[in-house]
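Structure first, commentary second.
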Amino acid sequence: MLRRSFITLAASAAVLAGAGTSGFAQEETIKLGASAPKSGPLAGGAAMTHWPNIQLWMKEVNDAGGLKVGDKQMKIELVEYDDKTSGEEAIKNIQRLATVDEVDFLVAPYSTGLNIAAAPAIARYGYPQIATTAATDGVKEFAERWPNSFWMLGTSTQLANGIVDTISKMKEKGDIGNKVALVNVADAFGLELIGAAKPALEKAGFEIVYETSYPLGTQDLAPVISQAKAAAPDAFIAFSYPGDTFALTEQAQVQGFDVPVFYTGVGTAFPPFAKRFGDAANGIMGIGGINSSDENVKGYLDMHKADLGSDPDFWASATTYAGLQILGQAIEKAGSLDKAAVVEAIKTGTFDTVIGPVSMPNNVNEKVWTVGQWNNGVFEAVAAEGMPVAAEPAKKSGW
Amino acid sequence: MNILVTGILLSGTYALIALGLTMQYGVARIMNLGNGETLVAACFVAFWLYTGLAINPLIGLVIIAPAAFVINWGIYAVALRPLVNRAKNRGQLEVDSILATFGLLFLLQGLMIVGFGGEYHSYTFLAERFEIFGNSYGLNRVVAFAAAVLIFVALWLFLYRTRQGTALRAVAVDPDAANLVAIDVARTAAFAFALGGALTACGGALLSTFYTFNASMGVVFTMKALIIVIMGGVGDVRGAVLAALILGVSETLVASLIDPGLTLAATYTLFILVLLFRPQGIFGRAPT
Numbered sequence: 004m005l006r007r008s009f010i011t012l013a014a015s016a017a018v019l020a021g022a023g024t025s026g027f028a029q030e031e032t033i034k035l036g037a038s039a040p041k042s043g044p045l046a047g048g049a050a051m052t053h054w055p056n057i058q059l060w061m062k063e064v065n066d067a068g069g070l071k072v073g074d075k076q077m078k079i080e081l082v083e084y085d086d087k088t089s090g091e092e093a094i095k096n097i098q099r100l101a102t103v104d105e106v107d108f109l110v111a112p113y114s115t116g117l118n119i120a121a122a123p124a125i126a127r128y129g130y131p132q133i134a135t136t137a138a139t140d141g142v143k144e145f146a147e148r149w150p151n152s153f154w155m156l157g158t159s160t161q162l163a164n165g166i167v168d169t170i171s172k173m174k175e176k177g178d179i180g181n182k183v184a185l186v187n188v189a190d191a192f193g194l195e196l197i198g199a200a201k202p203a204l205e206k207a208g209f210e211i212v213y214e215t216s217y218p219l220g221t222q223d224l225a226p227v228i229s230q231a232k233a234a235a236p237d238a239f240i241a242f243s244y245p246g247d248t249f250a251l252t253e254q255a256q257v258q259g260f261d262v263p264v265f266y267t268g269v270g271t272a273f274p275p276f277a278k279r280f281g282d283a284a285n286g287i288m289g290i291g292g293i294n295s296s297d298e299n300v301k302g303y304l305d306m307h308k309a310d311l312g313s314d315p316d317f318w319a320s321a322t323t324y325a326g327l328q329i330l331g332q333a334i335e336k337a338g339s340l341d342k343a344a345v346v347e348a349i350k351t352g353t354f355d356t357v358i359g360p361v362s363m364p365n366n367v368n369e370k371v372w373t374v375g376q377w378n379n380g381v382f383e384a385v386a387a388e389g390m391p392v393a394a395e396p397a398k399k400s401g402w
Numbered sequence: 072m073n074i075l076v077t078g079i080l081l082s083g084t085y086a087l088i089a090l091g092l093t094m095q096y097g098v099a100r101i102m103n104l105g106n107g108e109t110l111v112a113a114c115f116v117a118f119w120l121y122t123g124l125a126i127n128p129l130i131g132l133v134i135i136a137p138a139a140f141v142i143n144w145g146i147y148a149v150a151l152r153p154l155v156n157r158a159k160n161r162g163q164l165e166v167d168s169i170l171a172t173f174g175l176l177f178l179l180q181g182l183m184i185v186g187f188g189g190e191y192h193s194y195t196f197l198a199e200r201f202e203i204f205g206n207s208y209g210l211n212r213v214v215a216f217a218a219a220v221l222i223f224v225a226l227w228l229f230l231y232r233t234r235q236g237t238a239l240r241a242v243a244v245d246p247d248a249a250n251l252v253a254i255d256v257a258r259t260a261a262f263a264f265a266l267g268g269a270l271t272a273c274g275g276a277l278l279s280t281f282y283t284f285n286a287s288m289g290v291v292f293t294m295k296a297l298i299i300v301i302m303g304g305v306g307d308v309r310g311a312v313l314a315a316l317i318l319g320v321s322e323t324l325v326a327s328l329i330d331p332g333l334t335l336a337a338t339y340t341l342f343i344l345v346l347l348f349r350p351q352g353i354f355g356r357a358p359t
């Protein structure tokens with residue numbers, strides 16, 4: 004009996020001592036909280052674009068000794084939660100991170116929907132929210148409503164205009180005619196982009212010969228491709244998500260849908276896409292793109308490959324990493340862990356990132372790549388706003 | 072014609088998804104919510120065998136099916152038999168099994184996320200053009216369809232031409248009466264559950280040849296399988312196949328002629344119609 008209480012006592016003492024040290028260690032580290040999908044429909048996208056970049060950035064910063072905050076050098080530790088691709092779960096996670104874990108800063112959630120869902124909660128706790136995977140036409144209003152939020156991936160109008168301008172350019176050159184087949188996934192992302200693309204296409208003098216939408220999660224897209232093929236368009240544009248992006252492309256390949264412009268949405272920029280379609284991927288256009296001839300981007304690609312053993316996606320991965328760089332630099336600039344000071348630093352500063360210098364005086368990054376095209380294993384940007392492109396758009400020839 | 076062939080090829084996929092659940096729910100009375108996860112796990116194993124060891128997925132079936140059989144037998148013996156033993160009636164077993172396999176769902180999903188991450192996976196296998204009546208289709212889909220037909224024929228012969236198969240059907244219809252004619256109901260149910268798991272795994276392996284999958288998409292398959300199984304009449308493989316065919320063709324018709332956005336609506340309309348007019352399913356027997 005005596006022995007047992009002694010052991011209990013010793014154990015509690017050990018636990019207390021442990022808690023004491025970790026409490027002491029907390030002062031020397033910056034606690035970073037992250038909530039994003041590890042399961043649910045967007046888990047695949049987050050595993051490609053979101054989580055690896057957090058890991059990579061933390062490794063880079065910690066290997067270099069940490070961030071310089073005032074006169075202290077502080078390493079970063081991560082507290083991470085799965086939001087199960089659910090807005091409610093994301094909000095709960097943010098609350099937990101803020102009140103229980105008492106993290107110093109947050110990594111913004113993954114995807115347009117989850118960033119918008121979590122924005123009010125993040126604003127309530129005053130954290131800066133640097134959204135790097137959200138594309139919506141609401142960015143200006145969001146920035147006004149939540150001044151702590153920063154939107155780095157552009158608007159859906161920018162992204163839709165990107166592809167419309169690209170095919171306009173090709174039409175003027177006489178590469179293609181004016182018939183377009185238009186397809187979208189029926190969720191926030193697809194609806195926003197189709198809403199922006201349709202008037203732009205009509206304004207540019209294109210004729211929409213086939214148009215349809217399909218629900219999120221549809222994998223049997225053979226009917227869509229066969230109907231689009233029957234309409235004999237010059238350009239096929241699909242605002243799709245990863246699963247359907249793969250399915251549409253495979254069907255187009257199988258059915259021999261030879262179209263000079265074949266454009267698909269999220270997922271086109273993923274390295275597994277190029278791996279899956281091999282040579283047939285050449286000439287396929289998609290949302291995003293990067294300029295791999297840019298030294299900064301090149302350095303990022305090499306670092307990702309070297310540290311994580313895999314390639315990043317050729318769109319939002321670099322932006323996600325850049326968002327974290329901005330957070331780090333802003334903390335150093337503010338010289339403290341005071342959230343308001345860091346928000347102010349982000350708003351007023353210009354930051355050196357892997358996607359080039361970024362400044363967001365209106366909480367929005369207006370310089371974005373909008374359309375990419377596969378060319379021998381690299382997804383080069385062929386359209387952009389406010390920055391140079393990597394290559395000129397070319398016609399796709401065969402599968 | 073194009074629509075019809077596309078629809079029939081799709082129905083082959085659906086039949087593959089649903090046959091396993093027909094066995095597990097129809098005979099073993101286990102409403103296995105982890106069914107979709109079993110399917111996805113088989114996708115991953117086929118993927119791993121193909122990309123890692125260059126084993127053709129069709130040959131991979133020879134490894135995957137027996138392995139799934141053994142694992143599912145194990146799951147049944149360890150996790151589900153206690154529920155069967157303590158259940159006073161069929162309703163209680165269904166409720167208990169739903170709760171237990173709900174846990175299994177998360178366990179399997181978690182294991183797959185740990186093992187393979189949440190990324191999308193796919194590989195190229197027979198992604199070639201195959202001409203039927205002047206239209207081209209993916210060869211991998213045609214092969215999967217052919218395999219589905221073979222599996223169905225083998226299963227049908229087993230169920231309707233062998234003693235063990237007859238015992239399975241007897242348990243599906245009335246476990247108590249089956250017990251009275253000296254059928255070892257407990258053993259038969261375990262066998263049915265394991266067989267269902269093996270069938271589901273075959274479906275997954277074949278599906279992986281033309282589908283992009285990730286660790287968290289099992290629920291979608293469970294839902295589809297559930298609708299098909301209930302539409303076809305619980306425990307009847309002919310009904311499941313017929314329901315899959317109806318579903319595949321009508322979804323393709325709606326997607327081609329009306330709007331791809333309405334395929335889900337078409338699925339549920341059919342489901343509701345069947346429930347309204349034949350609540351026991353197409354081949355199910357009316358309760359007496």
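Chains as they are written, first to last, in our numbering: chain W, 4 to 402; chain G, 72 to 359.
Cβ atoms here follow ideal geometry from the backbone N, Cα and C, with glycine treated the same way.
In this text, all values refer to a predicted model and were calculated from it rather than measured experimentally.
Residue-level contact to chain G via CB, residue i, 7 Å cutoff
i: W:S400; result: no
i: W:D223; result: yes
i: W:Y217; result: yes
i: W:G43; result: yes
i: W:S229; result: yes
i: W:G26; result: Residue placement at W:G26 is poorly supported in this model, since its pLDDT is 43, which falls under 50; the coordinates are not used for a value here.
Through-space distance from residue j to residue i, alpha-carbon basis
i: W:V167; j: W:I240; result: 9 Å
i: G:V312; j: G:A286; result: 26 Å
i: G:L270; j: W:K174; result: 52 Å
i: G:I184; j: W:E214; result: 36 Å
i: G:V244; j: W:Q376; result: 58 Å
i: W:I119; j: W:P226; result: 34 Å
i: G:T237; j: G:L230; result: 6 Å
i: G:N206; j: W:A191; result: 34 Å
i: G:G365; j: W:K34; result: With chain G covering 72 to 359 only, the question about residue 365 of chain G has no answer from this structure.
i: G:A260; j: W:T115; result: 47 Å
i: W:A393; j: W:D140; result: 25 Å
i: W:D310; j: W:P55; result: 10 Å
i: W:A272; j: G:G209; result: 24 Å
i: G:F115; j: G:R200; result: 25 Å
i: W:L70; j: W:P364; result: 24 Å
i: G:T280; j: W:K301; result: 34 Å
i: W:A28; j: W:L100; result: Since pLDDT at W:A28 reaches only 43, below the 50 mark, its modelled position is unreliable, and the value read off the structure follows with that caveat. Each residue's Cα considered, the two are about 18 Å apart.
Beta carbon of residue i nearer than 7 Å to that of residue j
i: G:A113; j: G:P128; result: no
i: W:K459; j: W:P263; result: In the structure as shown, chain W starts at 4 and stops at 402, and residue 459 of chain W therefore has no counterpart that could be examined.
i: W:A138; j: W:L117; result: no
i: G:A315; j: G:A86; result: yes
i: W:A277; j: W:A284; result: yes
i: G:I353; j: G:G306; result: no
i: G:N143; j: G:G289; result: no
i: W:T248; j: W:G220; result: no
i: W:L109; j: W:G48; result: no
i: W:E133; j: W:L330; result: Rather than Glu, the amino acid found at residue 133 of chain W in this sequence is Ile. In this structure, W:L330 lies closer than 7 Å to W:I133 by Cβ.
C-beta neighbour in chain W for residue i, strict 7 Å
i: G:N106; result: no
i: G:A326; result: yes
i: G:N103; result: no
i: G:S279; result: no
i: G:V291; result: yes
i: G:G209; result: yes
Near the ligand SAH: residue i beta-carbon under 6 Å from a heavy atom
i: W:K301; result: This structure does not include the ligand SAH; it has no bound ligands of any sort.
Check each residue of the region 244-268 of chain W: if its Cβ is closer than 8 Å to any Cβ of chain G, include it; give the result in chain order.
P245, G246, F249, A250, E253, Q254, Q256, V257, Q258 and G259
If you measure beta-carbon to beta-carbon, which residues of the region 46-61 of chain W are closer than 7 Å to chain G?
Listed in sequence order: A46, G47, A49, A50 and M51.
Determine which residues of the region 185-203 of chain G have a Cβ less than 9 Å from any Cβ of chain W, and write them out in chain order.
Under the 9 Å Cβ criterion, the region 185-203 of chain G contributes G188, G189, E190, Y191, H192, S193, Y194, T195, A198, E199, R200 and F201.
So if I threshold CB-CB distances at 7 Å, which residues from the region 276-296 of chain W count as touching chain G?
R279
If contact is defined by three or more beta carbon pairs under 8 Å, each pair taking one atom from either stretch, is the region 330-341 of chain W in contact with the region 81-101 of chain W?
Result no; under three Cβ-Cβ pairs closer than 8 Å.
Indicate whether the contact test is met: 3 or more Cβ pairs, each with one atom in the region 189-204 of chain W and one in the region 251-265 of chain W, closer than 8 Å.
no
Tell me whether the region 179-193 of chain W and the region 288-297 of chain W touch, counting them as touching only if at least three CB pairs, one residue from each stretch, are closer than 8 Å.
no
Please identify, using Cβ separations under 8 Å, the residues of the region 328-344 of chain G that lie next to chain W, in order along the chain.
D330, P331, G332, T334 and L335
Tell me whether the region 265-280 of chain G and the region 211-221 of chain G touch, counting them as touching only if at least three CB pairs, one residue from each stretch, are closer than 8 Å.
yes
Do the region 249-265 of chain G and the region 73-88 of chain G touch if we need at least three Cβ pairs shorter than 8 Å?
no
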